[in-house]
Amino acid sequence: MRSLLTTFAFLLPFRSLKIRLLNRLGHDIHPTAFVGICLVRNVARFELAEGAQIGHFNVFDGLDEIRLGRGSRILLLNYFMAGYTVGPGEERGEYYKRLQMGDNAHIVTLHVLDCSGGLVIADDCWITGVRSTVLTHAFDPQDGAIIVEPITLEKGSLVATSCTMLPGSVLGEGALLAAGSTAWTRQELAAGSLHGGVPARRLSPLKIAERVYDLRRYTG
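The number in my numbering is simply the position in the sequence shown, starting from 1, with 1397 added.
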């Protein structure tokens, strides 16, 4: 029943009523947060800090926890799922079926993000552009098993448009994954660098200007 009521609450157009109802259902939504009209199915808990925003027309399916830090934002038309459930006796990692976003982290538009193994996005990170795919579970052809591992974006890192990140990959602090690139399974991409290609490789040192992180430059 709680799951169905959460689904209903997210479809309401009235922001203040929606937040009050979600908090009564056991979620933790700050009064200054914004929660748009979204399709939510079987999500156990939302935590939205001061000024956090979830825009309209996102889909959230099957996650245990969604946590947005202060000022973090999910814009429009993204699909979040936890598409794989570990079997009896299989280990559940710390971030299993969790989306965790730090302060002032952003996910823009039209991305597909599998959070089965966990997606951990640190402060001031961006998943920009459109059509990037984040896969935290994938088939391992060597032994026929399923790899379920979290993907991590360290502080101030950026993912450009149409990228792919595979299970266990890490984008280092202040690094940029260039448009159309793929971070391979368990690949660690060095901090302060531009990475590109399939699989991604380090192309050059990189220092991202502070103004790049200012959302107002892009949304007005």
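Don't be surprised by glycine CBs; every beta carbon is placed ideally from N, CA and C. All values derive from a computational prediction rather than experimental measurement.
Distance between isoleucine 1544 and leucine 1516, taken at the CA atoms: about 14 Å. Rounded to whole angstroms, the gap between the alpha carbons of glutamate 1585 and asparagine 1420 is 38 Å. For serine 1413, the uninterrupted alpha helix (DSSP H) segment begins and ends at 1412–1421. Residue state for serine 1400 is assigned as helix, using DSSP reduced to three classes. Residue state for glutamate 1607 is assigned as helix, using DSSP reduced to three classes. Apart from sequence neighbours up to five positions away, the residues of its chain that approach histidine 1503 with a beta-carbon distance below 6 Å are Arg1470 and Trp1523, ordered along the chain. Bounds of the beta strand (DSSP E) holding valine 1437 are 1436–1438. Here the C-alpha atom of arginine 1412 lies approximately 15 Å from the C-alpha atom of alanine 1446. Annotated as distal: leucine 1563 and histidine 1592, with beta-carbon spacing of 8 Å or more. Rounded to the nearest whole angstrom, the CA to CA distance from threonine 1582 to histidine 1453 is 32 Å. Collapsing the DSSP output to three states places alanine 1542 in a strand. Minimum Cα-Cα distance from threonine 1579 among the listed residues Ile1548, Tyr1493, Thr1429 and Tyr1481 corresponds to Ile1548. Excluding residues up to 5 positions away in sequence, Ala1446, Glu1447, Gly1448, Ala1449, Asp1500 and Asn1501 lie with their Cβ nearer than 8 Å to the Cβ of arginine 1467 in the same chain. A buried status is given to methionine 1498, since no fewer than 16 other beta-carbon atoms sit within 10 Å of its beta-carbon. Between the alpha carbons of tyrosine 1481 and serine 1513 lies a gap of roughly 6 Å. Apart from the 5 residues on each side of it in sequence, alanine 1441 sits with its Cβ closer than 6 Å to the Cβ of Asp1461 in its chain, given in chain order.
Between leucine 1496 and leucine 1474 the beta-carbon gap is near 16 Å, outside 8 Å, which marks them as no contact.
Per DSSP, the continuous beta strand (DSSP E) segment holding glutamine 1497 begins and ends at 1495–1498.
For the 8 Å CB-CB criterion, aspartate 1511 and threonine 1533 form a contact.
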